[in-house]
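Peer 1: Numbering (the working numbering), first residue to last: 5 to 131.
We treat Cβ as the ideally placed atom computed from N, Cα and C, and that holds for glycine.
What you are looking at is a predicted structure, and each value in this text was computed from that prediction instead of being measured.
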């Protein structure tokens with residue numbers, strides 16, 4: 005499980021979630037609601053998620069299941085606030101991670117690991 009909590013100050017006019025995965029399938033939730041799923045070896049997910057976000061505190065969680073290799077996930081959440089102000093959140097070492105199935109104790113979380121910048125080609129493009 006990969007997660008972060010973030011503050012959203014202002015009213016959203018749009019919000020897009022982009023998720024890519026390597027050697028895993030992933031389920032993404034925003035504030036406890038399903039935002040989308042990515043299957044192993046498929047193109048990345050792009051989803052409009054404005055209705056799942058709220059002013060103030062928000063939480064995004066990615067539950068990934070490995071499928072035959074070193075699993076990796078990259079998440080980007082971009083949008084615009086009223087007045088055209090852009091905002092963006094990207095997965096990185098400031099996020100937290102833990103093994104799936106662990107309890108809800110906040111002490112079980114560790115800083116997420118980074119494997120560097122994601123590749124620019126999808127599985128389909130790489131052929």
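#1: Rounded to whole angstroms, what is the Cα-Cα separation between residue 63 and residue 10?
#2: Under DSSP, the beta strand (DSSP E) around residue 78 begins and ends at which residues?
#3: Alpha carbons only, please: which of 96, 19, 57, 74 is nearest the one belonging to residue 44?
#4: Less than 8 Å separating the beta-carbons of residue 23 and residue 49?
#5: According to DSSP, residue 91 sits in a beta bridge with which residue or residues?
Peer 2: So, from the data block:
#1: Here residue 63 refers to the residue found at position 59 of the chain shown. Here residue 10 refers to the residue found at position 6 of the chain shown. Using only the alpha carbons, I get a separation of about 6 Å.
#2: As a first step, residue 78 must be located in the chain shown, where it is residue number 74. Residue 78 -> beta strand (DSSP E) spans 76-85.
#3: Position 40 of the chain shown, counting from 1, holds the residue named residue 44. The shortest C-alpha separation from residue 44 is found at 74.
#4: By one-based count along the chain shown, residue 23 stands at place 19. By one-based count along the chain shown, residue 49 stands at place 45. Yes. Within cutoff.
#5: Counted from its first residue, the chain shown places residue 91 at position 87. In the DSSP output, where bridge partners are listed per residue, residue 91 has 83.
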